[in-house]
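Below is one structure, written out as structure tokens; comments come after it.
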Amino acid sequence: MSPPRAAWFIGLAIAVSLTGCAQTRLSHEPGLVTTWDRRPLLPADVPITLPLVLYTRYLEFDQPSDPSFEKWWSKYKVRHQLEDVIGEFPFLALASSDEVPTGDRVVVEATHAIRGNTFLNTVSQSTYCAIPSSSRGVIELDARVYRTGQPPTSYSAVGTYAIKRHVLLLALPFVWGYKVPARTMEDTFRDLFLQIQRDLIQ
Amino acid sequence: MNGRAVRLHWTIAALIASLLAGCGTTVKELRHHPQQTHAEEMLAAVLPHTKFPNLHYWIRVAAPAKTSVGLAVLPQRHIYLSEPLITQADEGILTALVAHGVAHHRLHHDAQRNALNLVQRAAFKAGGFFVPGLSQGHRIGGPLMEVALSAGQEPAADTKTVEYLKEMGRSERDWLEALEFLVAHGYTEQVGRIIVQREDFANRIASLREHLVLDFSQ
Numbered sequence: 646m647s648p649p650r651a652a653w654f655i656g657l658a659i660a661v662s663l664t665g666c667a668q669t670r671l672s673h674e675p676g677l678v679t680t681w682d683r684r685p686l687l688p689a690d691v692p693i694t695l696p697l698v699l700y701t702r703y704l705e706f707d708q709p710s711d712p713s714f715e716k717w718w719s720k721y722k723v724r725h726q727l728e729d730v731i732g733e734f735p736f737l738a739l740a741s742s743d744e745v746p747t748g749d750r751v752v753v754e755a756t757h758a759i760r761g762n763t764f765l766n767t768v769s770q771s772t773y774c775a776i777p778s779s780s781r782g783v784i785e786l787d788a789r790v791y792r793t794g795q796p797p798t799s800y801s802a803v804g805t806y807a808i809k810r811h812v813l814l815l816a817l818p819f820v821w822g823y824k825v826p827a828r829t830m831e832d833t834f835r836d837l838f839l840q841i842q843r844d845l846i847q
Numbered sequence: 002m003n004g005r006a007v008r009l010h011w012t013i014a015a016l017i018a019s020l021l022a023g024c025g026t027t028v029k030e031l032r033h034h035p036q037q038t039h040a041e042e043m044l045a046a047v048l049p050h051t052k053f054p055n056l057h058y059w060i061r062v063a064a065p066a067k068t069s070v071g072l073a074v075l076p077q078r079h080i081y082l083s084e085p086l087i088t089q090a091d092e093g094i095l096t097a098l099v100a101h102g103v104a105h106h107r108l109h110h111d112a113q114r115n116a117l118n119l120v121q122r123a124a125f126k127a128g129g130f131f132v133p134g135l136s137q138g139h140r141i142g143g144p145l146m147e148v149a150l151s152a153g154q155e156p157a158a159d160t161k162t163v164e165y166l167k168e169m170g171r172s173e174r175d176w177l178e179a180l181e182f183l184v185a186h187g188y189t190e191q192v193g194r195i196i197v198q199r200e201d202f203a204n205r206i207a208s209l210r211e212h213l214v215l216d217f218s219q
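Written out as structure tokens, the structure is:
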């Protein structure tokens, strides 16, 4: 094989293996910077510590996917982002999923879903993103707070981000926006915990 | 037909198959459905009778689909009850259906299929090195194997469901009634990628009736 031809093949192999990176994450909601600045602080003399139990799942085009690297990675990311945020809310303590608390507790069901047109996304994947596609990442959090002597209360928060995929985006690493899903998850967790905190103060 | 043409045909067939697979049936869940709490209560009644009561299951109400799937048991411990079914069926039937969904998960039916699928896929990939196009054989072999496995898994899940119902202090006839309800109202059951055919219900109902008759005669 002549050197230019080999270089072409190596380049193609690298491009194909990197097609997963050929995506950019665009706008995301909620943007909670201002809300976070105006957060109601829980008074220090309220000695509340609620164990928080987190259950995660990953849906791909409305189907629970199994087994896949994406599922494992999404579940890891959601838990990791929660660990980053929970320190800002001292009334919450992350409980181990092995020992589920039975008394006062917060149970959070976290759904990370990728939504969009299944057909167009399959075509795009089959052509190694030569045909562009777009989808929407959705973080849905449903929490239920159990407190002794009170009926359980429910809370929910939703965050979204947009994904565009095209093989040409490989050449534009500065628009990849890898941090967007992580920021969306963190902001959505904050949105949820602020709602719970507001009710605890009242 | 030369080798290149054969390879082209296989590639086109594989592309079509992958496109069709992408358009497969999906269960569309309804977020915050009024019956959600009811469904969770039924699940909470079943779980203490399982080996690992602390395991989390996702129970959701699904939007009506063209395939008339009444009960869907999907990966990551998901149980879906279709919206028309949850409004039509009574408490006993719904609890039996939820117990059946849990039974499939506890028996690791989806995991077994995935493990065999993986082995089969690896075998076809290896075969592809010697026979052009054989690496795509799992697209046909996979569903066939799943259908074959499903035939053996359903009776096992039926037995486990009856066990759970007995432990809950409910009548095992609830499961028989649930199956008859599914048939009478044209619903079917989906486990993983496989939708149980309506004809298969007849065998399961007959087997269950026989089992119940034997139990009563003893």
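Heads up: the sequence lines are chains G and R, in that order. For the first sequence, position 29 (counting from the first letter as 1) is numbered 674 according to this note's numbering, and the numbering increases by one without interruption. For the second sequence, position 40 (counting from the first letter as 1) is numbered 41 according to this note's numbering, and the numbering increases by one without interruption. C-beta: ideal position from N, C-alpha, C; glycine also.
Asked                                                                                                                     : Found
Cβ-based contacts, 9 Å cut-off: residues of the stretch 737-748 of chain G near chain R                                   : S742, D743, E744 and V745
Element boundaries [beta strand (DSSP E), containing I808/G]                                                              : T798 to R810
Spatial distance of L82/R from A45/R (CA atoms)                                                                           : 15 Å
E164/R to E173/R span [Cα, whole Å]                                                                                       : 8 Å
Beta carbon of H212/R nearer than 8 Å to that of Q89/R                                                                    : no
Range of the contiguous beta strand (DSSP E) that encloses I60/R                                                          : W59 to A63
Same chain, Cβ closer than 7 Å to T162/R, five either side skipped, listed in chain order                                 : A97, A100, H101, A104 and W176
Proximal residues, the stretch 702-714 of chain G versus chain R, C-beta separation under 9 Å                             : R702, Y703, L704, F706, D707, Q708, P709, S710, D711 and P712
Sufficient close CB pairs (3 or more, under 8 Å) joining the stretch 57-75 of chain R to the stretch 137-146 of chain R   : no
Three-pair Cβ contact test at 8 Å for the stretch 798-813 of chain G versus the stretch 765-778 of chain G                : yes
I206/R Cβ short of 7 Å to the ligand FAD heavy atom set                                                                   : Absence of the ligand FAD from the depicted structure is noted, as is the absence of any ligand whatsoever, leaving it without description.
Proximal residues to E190/R (C-beta, below 6 Å), its chain only, five neighbours per side dropped                         : L72 and V197
Straight-line Cα distance separating S69/R from L786/G                                                                    : 29 Å
Sufficient close CB pairs (3 or more, under 8 Å) joining the stretch 744-751 of chain G to the stretch 727-734 of chain G : no
Any chain R beta carbon closer than 8 Å to Y721/G                                                                         : no
Where the stretch 193-207 of chain R meets chain G: residues whose CB sits under 8 Å from a CB there                      : none
Cα-Cα separation between S799/G and R724/G, rounded to whole angstroms                                                    : 20 Å
Reduced DSSP secondary structure (H/G/I, E/B, other) of L56/R                                                             : coil
Pick from E168/R, I195/R and A203/R that is closest to E178/R, judged by C-alpha positions                                : A203/R
Where I655/G falls, given that 16 or more other Cβ within 10 Å makes a residue buried                                     : exposed
Contact with chain G by P76/R, beta-carbon distance below 8 Å                                                             : yes
Contact list for D111/R against chain G, beta-carbon separation under 8 Å                                                 : D711
Cα-Cα separation between L95/R and P797/G, rounded to whole angstroms                                                     : 24 Å
Close-in-space but distant-in-sequence residues of the same chain around Q77/R (CB under 8 Å, 5 per side omitted)         : W59
Anticipated Cβ contact below 8 Å, A788/G with V751/G, distance rounded                                                    : 6 Å
L166/R - partner residues in DSSP beta bridges                                                                            : DSSP output for L166/R lists no bridge partner at all.
Three-state secondary structure assigned by DSSP to E155/R                                                                : helix
Proximity test, Cβ basis, 8 Å: Y800/G and chain R                                                                         : no
Beta-carbon proximity list for E41/R, same chain, < 8 Å, skipping 5 on both sides                                         : I60
Alpha helix (DSSP H) runs contained entirely in the stretch 721-760 of chain G, provided each spans 4 or more residues    : none
Neighbourhood of H50/R by C-beta distance below 8 Å, restricted to the same chain and skipping five residues each side    : Y165, E168 and M169
Member of H110/R, I87/R and V184/R whose CA lies at the smallest distance from the CA of P35/R                            : I87/R
Own chain partners of W653/G with C-beta closer than 8 Å, once the 5 adjacent residues on each side are dropped           : none
Contacts of Y700/G in chain R (Cβ-Cβ under 7 Å)                                                                           : H57
8 Å Cβ cutoff met for L695/G and L737/G                                                                                   : yes
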